[in-house]
Structure formats: C-alpha cells, structure tokens
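Number of protein chains: 2
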Amino acid sequence: MRKSMSITLQDIAEQAHVSVTTASKVINDKASEIRISPKTRDLVLTVAKRVGYKPNPFAQSLRTKKSRSFGVVVAEMRNPYFGAIISGIEQASIARGYYPLISSLENNFGEEKACVEVHRANRAAGILFAGTVFRLEEGILHQLAEDNIPVVFIGNKVEALRIPYVDVDNVKGAFLATEHLIKLGHRRIGLILGPDEIPASAKRWKGYKRALEEYGVQYDKRWVEQETQLRSDPGSGYSAMMRFLERDPPTALCTFNDQYALGAIRAAVEKGLTIPQDLAVVGFDNIAAAAYYSPPLTTVEQPMLEMGKIAANMLIDAIEGTLKEERSFVILEPKLIIRKSCGAGP
Amino acid sequence: MRKSMSITLQDIAEQAHVSVTTASKVINDKASEIRISPKTRDLVLTVAKRVGYKPNPFAQSLRTKKSRSFGVVVAEMRNPYFGAIISGIEQASIARGYYPLISSLENNFGEEKACVEVHRANRAAGILFAGTVFRLEEGILHQLAEDNIPVVFIGNKVEALRIPYVDVDNVKGAFLATEHLIKLGHRRIGLILGPDEIPASAKRWKGYKRALEEYGVQYDKRWVEQETQLRSDPGSGYSAMMRFLERDPPTALCTFNDQYALGAIRAAVEKGLTIPQDLAVVGFDNIAAAAYYSPPLTTVEQPMLEMGKIAANMLIDAIEGTLKEERSFVILEPKLIIRKSCGAGP
DNA sequence: GCTAAAAGGTAAAACGTTTAACGTTTGAGC
DNA sequence: GCTCAAACGTTAAACGTTTTACCTTTTAGC
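Just so you know, the protein sequences line up as chains A and B, in that order. First residue of the first sequence? That's 1 in our numbering, and the numbers climb one at a time after it. First residue of the second sequence? That's 1001 in our numbering, and the numbers climb one at a time after it.
Shown next, in the form of structure tokens:
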C-alpha cells in the first residue's frame, strides 16, 4: 500500500492500461507529432485528473536538463521598493510555471558572487539582478554568459555589456521632479543622490541638470549632495540633508528615493524648518507609505510591480530562447505624483 | 567534447579511477559506515575540487525523495515587516543548504490554497506561513499534516492545532506600550487594532486591557477602533484615526503597527493636532523607517529578522525529523523603543 | 598455514521523466 | 490480394544520484 507517496506516470499507465510513454505524451500534449487517438487521450487525461497527478519536477529537470527555477538577487529585502518588484516577479513567473529563488544581499555588496554561486548550485536557469552593483562585472557576468545562463537587470543597466534590462527613465524622472520645483518658483534646488555605484545616480543628476538648463536656472554643484553609503535607508537622506543645513540650505529638494526623502524631511524638521513652506521636497519611487508622510510626499512614481513582471517575462523568454533583441531593453515612463510636500498638492 | 555541461560523479570517478559509488560515498562523507581508505578519499576529494564538482540537486532529490526547498507564504511582500522576516528566513535556510520558495498573497487572503498548491507541485519539503489568515484551516493544514509536510507559523499561532510557531509576546508588547502612555499621565488611550482574523489583534487588546487594569484606569470600549480590512497599510491607520477624530479623540494612541501609526499620525495632523502634544502615538514592529517619522516613532520592537531565522531553523528541523516538542513553541520578548512621538523620547 | 572477519571497494538497480527508435495494426490504392 | 503508408503505440535507454547487495583482498587469530 503506497502511503502518501506521490502519483507517477506509472500509476496512470497502469490504471489506463497504456504504456508510460503514452501517458507522458498525452500529459505533455505534444500536439505536433502526437499520434495518439482521441480516445486514449481522453482516457489518460481522465485517469490523470482522477488520481490527481502532478509531474515530479525533479525527474523532469533531470531528464530534460532544464530547470524551471531562476535566481533573483536583490539589494535589500526590507526595502518596499524591492518588495514590490519581487511581488511582480513572483506573479509573472508563477503564471508561467517557473519559480523564483530569491536571495538578498542585505547591502553586503560584493556578496553577489556568493549569491550567484548558490543559484548555480541550485541549477537556476537564469538570474535576475535588481539594484545590485557590479564591481565584479567581468567575472561573474562573463562566466554566466559562457555557461549560457541568461541574465536580466532591473533598474540597473550595465553599460559595458549588452545585457537585457528593464528600467524606468531616470533622466526623465529627475527632469519632471526638478521642472516641477522650478515652475513653483524655486531657484535653489537641492539634489540628494545615491552613491556613484548605482547607475541611476548619474542619470538622475543628468535629468536634474537638464531641467535647470532648459529653464535657465544656473547649475551650482553646491546644491548637490551625494550619499556614499550603499544602503538605501532614511538615514542616508537624513545625513545628506544635515550637510545642506550646516551650510546654506536650498529652498527645495529632489531626493534619490522616498526613504531618503523621509530622512531628509526629518533632518529639516529637526532644524526647525517647515515642509513645504521652508523646504519643498520631492521623492522618487512612490512607495505605499509616501502618501501618508507628513506632509504627503510629492514623488516620481516608478511602476515597480510592472517592472518586476516585465523582467521576469523577459528572463523566462531568454531561458526558453525566444527573447528577441528588440524586446530586450525596456524603459518605462515615470510619472510625477503631486502631493503636499512640494507646496502644490491637494 | 562536453560543452558547458555540468560535471558529474561519473567524471570524478573516471579521473580518479574509482567507481561512481566510491565517489558518491566520499562526497557524502558517510563517516559512520564508510569503509573507504584515506588515500582514495583524498584522491576523490582532490579531483572533485579540481573539476569543481557540484552535485545535481534534481538527481539527488529524485533518488532520495527528499526536497531541499520549502515554501514560504507571506501576506504582503511590500510590507517591510515581512521583508525583514523573509530576510531572516533566507539567511538561515541558505546556511543549512535549503532554499525558500517565496510566495506572497498580496492580501488576497483565501489564496492560501492556490499558493500551497504551487508549493506542493514544486515538491516543497515544508511550508512556513507568515501573517496569513486561516479561514480554511481545516482543509489545507489537515491535508499537509496527512501528507507529512511540516508547517511552521510566524506571528500567527493557530489555536486549534498544535502547530509549531514563533511569535513575539503580543500581550506583553501591548502592555508595555499602554503602560508607558499611562505613566506619562494619559488616561484616554486609544487603541487601533488590526482585523479580527489576525490573532495578534486579540492578544494586543488583552495586553492593553491588562495595563489599564493594573494601573487602575477605567477601560472603555469607545477608545478601541478596529480595522476590518485585511491589508495592513497606512490607510488602515488613517481611517481608524479619522473615526476617532469625528468623535471625541483620545490623548494617546496605541497602533497595530508602524504603518498604521504613520496613517494615524497623518489623520491627526490633517485635523490640526500636533504630535505628541495633542496626541501621543506608539507603534508596533519598529521598522527601519520608524526612527525617521516626524516625529520619530515610539514603538514596540519585534525581532523580525530573528523570528525569520528561528522559524526557518524550526521548519528545517521538522523536515529532517529532529524538531523537539519543547522547542516548537517560541515566544520572543518585545521591547519598547522610546522616541519622540509619545512625548517622552530623546 | 588455515580460517574468519574486517577492510576496501564495485555492480546494478532504482528514483520518475522524456525521447529516440522501433513494432503492430489498419486502411487505401491499384 | 498485395504493398505501402499512415496511425497508434510500445520498448528501452538515459538523466545523475544513492543504496543494497555483493565481491575481493588484507589482516588477525590461532
């Protein structure tokens, strides 16, 4: 008597009085060259349903040498930005019968290699990187390419190699934020950037400068503060803002993300400033909490869930060998969400 | 010529001039009944290292009928509370050679069944539930028990069944928060609870009542607001607080979690109240952002990373059949973190 | 020197699939 | 009535491990 053992093709075959091969063919519905009569087909399917057959993924993967899992390497799980992205990845991949193995660096950048090792040991069919920093670019990525393991980046295009990515238009996002502040009359607009290692920093800077230029506002490096720490929490925004406050503070501020904005606001309030009267603030990302900050945060929305879904679909396409070059580089539109923190919102 | 195919025991065996069996034995280091000479042992290990052997987990699982992955079902990925827990789970399980398959309900409670189905199809060796709600308790959990798939709960003990769990002491946490507010002189202390389906709600309520009683403060049901929506975002705190404000608002407030607190603070500020002068607020969880709220949030800390690690270790022990009854029910200590939002902090 | 057991190792089967190669039956064409 | 395909299936091997059962060579005991 089989006790809580799983049902196999063998069981189906016996009960339907056909061979295991036939059962396999029916289950996999090789519609192309099938050569199975409708009668046996139905029979097998009925039996399969009745006994609740679930293919054994280990046997499948062993035999076909194809894995249905892929790795996801993310910078920091606690960050709602990555949470939303992972959520998108998960939804899209489950829908296609894949499952993501998620590993987080927790900001120990440099651990990428170890993470990738784990994924490789688990026979991940591909790897998705979100918010990671590739100092070791050559090494790891090259090796993956060589071994035919596709890679997709989220929010972090690697310029050197032609690796598929999905990102938001960072230049435009920063442009929108800056433009908005300029239109509200600000001329002394601060910019708090993330560390250099994050490619988005340079792009946001570019968008900021472009807006100033377009509206004839003088660019001045002293209005730009950059965080050097890689971790992306409110503390970064806080300390950067403090540096501004010790000098000659701006009247408006673009921050690298909503968490930075929270920290920056905190610093400003501590020094007796009022938001938005003394300092208008714009964030980036539009995480769920942003609408409830005091005051509610004006911010540039990134479609994080969407990015996760697109990236997962791209990676799976790549794994299955159907990813087309022209669909490999996706840039999504950011959107300015106006709330009270800039002085203009409802 | 093998092109980017993985190294197998066969390869090692050939190069070391031993049989596959021997290679396998050495690699798995069956120290007990091994019967392999140190010489061959070293030889095999050397070869294995040289060729970079990585066992094929599919073959291993197929043969041993043991899976090294387990499912994690979480209520909401975007929530930093769950993010931290997942992070803990991941660290602990990677360390023990297991990998978690994470799936999120995104607050579609009732989807538990579908999630569990996916995990079962992937042959998860166990399942970890965090923040999920078991209306369907009987069905799913029973089935899992029957099929010998261990389950562990995080932050959500199911009273009916003796299922291992790890949780923070919710009664004590709420007690600490309430006590703190009482000691600061408050008598009209509001309580915003999560929905009934979340067991923590009832426990926090109990701790709140216990503190009032102990300090001789009259308990009054009108100071208790409960959210009915399951999603746990700032909006819940916001609307609950609004209901207080339309009546006769309390002078102090205990909230269900830090996100609720953010929403509640927003609502109060919108109505012209100042925190903490007009309303002292205490949160729960101590997520990273809480220290940067305006004002910084006094809150009850939960050791989320720790909870994730402990739960993962418990589940893995259960999978391996070594989980002892006396280590199956873990309650961790909460800790009051005093900041400015209650009027007492630094 | 003989036997028994220990030591060191191997062959082969099994796990549940997929797939290449091969049978058998049926029916059509003439 | 024969031949040839097509139609419908099947057999058996393979994927990379682990494990059971077995085999050979030492070594120990006397």
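Ideal Cβ positions, reconstructed from N, Cα and C, are used throughout, including at glycine.
Listed by chain order, chain B residues near residue i by CB distance under 7 Å
| i | result |
| --- | --- |
| A:M77 | G1083, I1086 and S1087 |
| A:V269 | S1294 |
| A:F58 | F1058, S1061, L1062 and R1123 |
Close beta carbons around residue i, own chain, < 7 Å, minus the five adjacent residues each side
| i | result |
| --- | --- |
| A:Q363 | Lying outside 1 to 346, the shown extent of chain A, residue 363 of chain A is not represented and no answer is given. |
| B:R1041 | V1026 |
| B:I1036 | T1022, K1025 and V1026 |
| B:G1052 | I1007 |
| A:I140 | E112, K113 and V116 |
| A:P199 | N156 and K157 |
| A:Y81 | N257, D285, I287 and M304 |
Residue i beta carbon near the ligand MN (any heavy atom closer than 7 Å)
| i | result |
| --- | --- |
| B:F1153 | As presented, the structure is devoid of all ligands, the ligand MN included, so that no description of it is given. |
Own chain residues within Cβ distance below 8 Å of residue i, not counting five before or after
| i | result |
| --- | --- |
| A:G126 | F70, G71, I149, P150, V151, V152, L315, I316, A318 and I319 |
| B:K1309 | G1088, I1089, Q1091 and A1092 |
| A:L184 | A252, A280, C342, G343 and A344 |
| A:P296 | A290, R339, K340, S341 and G345 |
| B:I1154 | I1085, L1128, F1129, A1130, G1131, Y1165, V1166, D1167, M1307, G1308 and A1311 |
Nearest to residue i (by Cα), restricted to the options the options
| i | options | result |
| --- | --- | --- |
| B:S1103 | B:A1124, B:T1299 and B:G1097 | B:A1124 |
| B:E1117 | B:A1130, B:L1101 and B:G1131 | B:L1101 |
| B:K1049 | B:T1008, B:K1065 and B:S1061 | B:T1008 |
| B:E1197 | B:E1179, B:V1224, B:R1210 and B:L1230 | B:L1230 |
| A:T132 | A:D220, A:P38, A:K157 and A:A121 | A:K157 |
| A:N122 | B:N1107, B:I1094 and B:L1245 | B:I1094 |
| B:T1178 | B:G1283, B:F1329 and B:E1106 | B:G1283 |
| A:Q259 | A:K54, A:L161, A:L62 and A:R78 | A:R78 |
| A:S201 | A:E76, A:L176, A:H186 and A:T255 | A:T255 |
| B:Y1238 | B:F1109, B:D1248, B:R1096 and B:E1270 | B:E1270 |
| B:K1066 | A:F58, A:K66, A:R63 and A:R68 | A:F58 |
| B:H1186 | B:D1278, B:N1108, B:E1146 and B:A1264 | B:D1278 |
| A:A16 | A:G263, A:V47 and A:I265 | A:V47 |
| A:E214 | A:F175, A:M242 and A:D248 | A:F175 |
| B:A994 | B:P1234, B:D1248 and B:Y1292 | Since the first and last residues shown for chain B are 1001 and 1346, residue 994 of chain B lies out of range. |
Neighbouring residues, chain A, relative to residue i (Cβ below 7 Å)
| i | result |
| --- | --- |
| B:Q1259 | A289 |
| B:N1238 | In the sequence as presented, Asn is not what sits at residue 1238 of chain B; that position holds Tyr. Residues of chain A passing the Cβ test: Y292. |
| B:Y962 | As shown, chain B starts at 1001 and ends at 1346. That puts residue 962 of chain B outside it, with no answer to give. |
Within chain A, partners of residue i - CB distance below 8 Å
| i | result |
| --- | --- |
| B:K1054 | R120 and A121 |
| B:P1080 | R78, N79, P80 and G83 |
| B:G1263 | Y292 |
| B:E1326 | The premise fails here: B:E1326 is roughly 27 Å from chain A at the closest Cβ pair, so nothing lies under 8 Å. |
Where residue i falls: helix, strand or coil (DSSP)
| i | result |
| --- | --- |
| A:S32 | Low confidence applies to A:S32: its pLDDT is 49, below 50, so where it sits in the model is not reliable, and the reading given next is rough at best. If DSSP states are grouped into helix, strand and coil, A:S32 belongs with coil. |
| A:D167 | strand |
| B:G1131 | coil |
| A:Q229 | coil |
| A:G343 | coil |
| A:D196 | coil |
| A:D285 | strand |
| A:V224 | strand |
| B:T1064 | helix |
| A:Q91 | helix |
| B:S1004 | Low confidence applies to B:S1004: its pLDDT is 49, below 50, so where it sits in the model is not reliable, and the reading given next is rough at best. If DSSP states are grouped into helix, strand and coil, B:S1004 belongs with coil. |
| A:V116 | helix |
Close beta carbons around residue i, own chain, < 6 Å, minus the five adjacent residues each side
| i | result |
| --- | --- |
| B:L1332 | V1168 and P1303 |
| A:V171 | K203, K206 and G207 |
| A:I337 | N286, T299 and E301 |
| A:Q226 | L193 |
| B:P1164 | V1152, M1314 and S1328 |
| A:K335 | E301 |
Strand pairing of residue i, partner residues [DSSP]
| i | result |
| --- | --- |
| B:P1038 | DSSP output for B:P1038 lists no bridge partner at all. |
| B:A1335 | The residue you asked about is not Ala; residue 1335 of chain B is Lys in the sequence shown. B:E1301, per the DSSP bridge assignment. |
| B:A1280 | B:A1252 |
| B:F1329 | B:Y1165 |
| B:G1190 | B:L1253 |
| A:F70 | A:P100 |
| B:V1151 | B:I1127 |
Chain-ordered neighbours of residue i on chain B, where CB pairs are closer than 9 Å
| i | result |
| --- | --- |
| A:L245 | Neighbours of A:L245 on chain B: none; closest Cβ ~15 Å, over 9 Å. |
| A:E112 | None at all; the shortest Cβ gap to chain B is about 14 Å. |
Under 8 Å by beta carbon: chain B residues contacting residue i
| i | result |
| --- | --- |
| A:P234 | A1288, A1289, A1291 and Y1292 |
| A:R266 | Y1292, Y1293, S1294 and P1296 |
| A:G155 | Neighbours of A:G155 on chain B: none; closest Cβ ~16 Å, over 8 Å. |
| A:I94 | S1103 and V1118 |
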